[in-house]
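Take a look at the structure set out below.
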Amino acid sequence: DSGVTQTPKHLITATGQRVTLRCSPRSGDLSVYWYQQSLDQGLQFLIQYYNGEERAKGNILERFSAQQFPDLHSELNLSSLELGDSALYFCASSPNPGEYYEQYFGPGTRLTVT
Amino acid sequence: AQSVAQPEDQVNVAEGNPLTVKCTYSVSGNPYLFWYVQYPNRGLQFLLKYITGDNLVKGSYGFEAEFNKSQTSFHLKKPSALVSDSALYFCAVRKVGAGSYQLTFGKGTKLSVIP
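Just so you know, the protein sequences line up as chains Z and B, in that order. Residue numbers for the first sequence follow my numbering, so the first one is 7 and each next one is one higher. Residue numbers for the second sequence follow my numbering, so the first one is 493 and each next one is one higher.
Below, the structure is given as structure tokens:
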């Protein structure tokens with residue numbers, strides 16, 4: 007158990023809908039990262055937050071957004087969902103945004119868009 | 493840009509034999525390198541990392557990796573494979589001093605240890 011929690015574990019929704027994925031980082035970690043894992047794209051970095059502020063953006067679609075709250079939990083919002091958004095979404099955390107710190111991953115949320 | 497290549501989609505090894513999972517990377521400067529393992533229906537677990545110093549890095553569960561700058565490689569090794577090592581292994585890279593903290597992952601290598 008990495009100490010990173012994600013809810014829900016599974017989510018099934020229809021195209022065009024909006025969902026929110028939630029992540030709680032390890033105790034004491036200030037940085038949160040979101041990744042998308044799909045069979046064709048592999049693991050793709052989406053976005054990073056540090057202590058409530060956005061620090062880095064990767065291959066995140068404009069339909070997707072995220073935020074980190076004062077208690078350091080983070081939410082990833084996915085809207086106007088398409089079939090191709092079906093994937094595993096991982097949250098990871100690290101103590102600070104230092105380059106050499108490893109990231110600790112949560113168990114993931116499996117999103118299925120029908 | 494930075495990238496990682498894991499040339500083998502699958503590696504099969506007999507239990508008790510040594511295992512190697514290959515990784516090569518591409519960055520324009522010095523790299524930080526990481527190995528993660530993913531068991532079915534689980535998140536990624538950190539195994540080990542190379543930051544600086546000794547080219548041979550030891551990590552969790554008896555795994556080690558050797559950094560080779562001239563060959564831009566960071567192969568994962570274990571002297572004696574266990575059936576429980578069967579999983580998906582990911583190599584990842586981050587450029588030193590880039591100011592970016594995202595990890596770039598390889599496609600993953602499925603390791604199967606045969607009893």
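Beta carbons: idealized from backbone N, C-alpha and C, even for Gly.
Cross-chain neighbours of E108 (chain Z) in chain B, by beta carbon under 8 Å
Against the first sequence, residue 108 (chain Z) aligns to sequence position 102. Residues of chain B passing the Cβ test: F526, F538, K541.
Once DSSP output is grouped into helix, strand and coil, what is the label at V575 (chain B)?
The residue labelled residue 575 (chain B) in the question sits at position 83 within the second sequence. Note: V575 (chain B) maps to helix in three-state DSSP.
7 Å Cβ cut-off: residues of chain B touching Q6 (chain Z)
With chain Z represented from 7 up to 120, any question about residue 6 (chain Z) goes unanswered, as that position is not in the structure.
Presumed contact (8 Å Cβ cut-off) between L87 (chain Z) and G34 (chain Z), rounded CB distance
Position 81 of the first sequence, counting from 1, holds the residue named residue 87 (chain Z). Position 28 of the first sequence, counting from 1, holds the residue named residue 34 (chain Z). About 34 Å; that fails the 8 Å criterion.
Could you tell me whether any Cβ in chain B is nearer than 8 Å to the Cβ of P113 (chain Z)?
Counted from its first residue, the first sequence places residue 113 (chain Z) at position 107. Yes, its Cβ sits closer than 8 Å to a Cβ of chain B.
Please list, in chain order, the chain B residues whose beta carbon lies closer than 9 Å to that of F70 (chain Z).
As a position in the first sequence, residue 70 (chain Z) is number 64, starting the count at 1. Correct list: empty, because the minimum Cβ distance to chain B is about 15 Å.
Where G48 (chain Z) sits in the DSSP three-state scheme
Position 42 of the first sequence, counted from the start, is the residue given in the question as residue 48 (chain Z). Of the three classes helix, strand and coil, the one that applies to G48 (chain Z) here is strand, per DSSP.
In terms of alpha-carbon separation, which member of B:R586, B:L539, B:C515 lies closest to G552 (chain B)?
Looking up residue 552 (chain B) in the second sequence gives position 60. Reading off the sequence shown, one finds Ser at residue 552 (chain B), where the question assumed Gly. Comparing Cα positions, the closest option is B:L539.
Using beta carbons (cut-off 8 Å, strictly below), is K550 (chain B) in contact with chain Z?
If you number the second sequence from 1, residue 550 (chain B) lands on position 58. Not an interface residue.
Pairwise C-alpha distance: T516 (chain B) and Q494 (chain B):
On the second sequence, residue 494 (chain B) is found 2 positions in, with the first residue counted as 1. On the second sequence, residue 516 (chain B) is found 24 positions in, with the first residue counted as 1. If you take the alpha carbons of Q494 (chain B) and T516 (chain B), they lie about 11 Å apart.
Which chain Z residues sit within Cβ distance under 9 Å of G521 (chain B)?
Indexing the second sequence from 1 puts residue 521 (chain B) at position 29. Correct list: empty, because the minimum Cβ distance to chain Z is about 11 Å.
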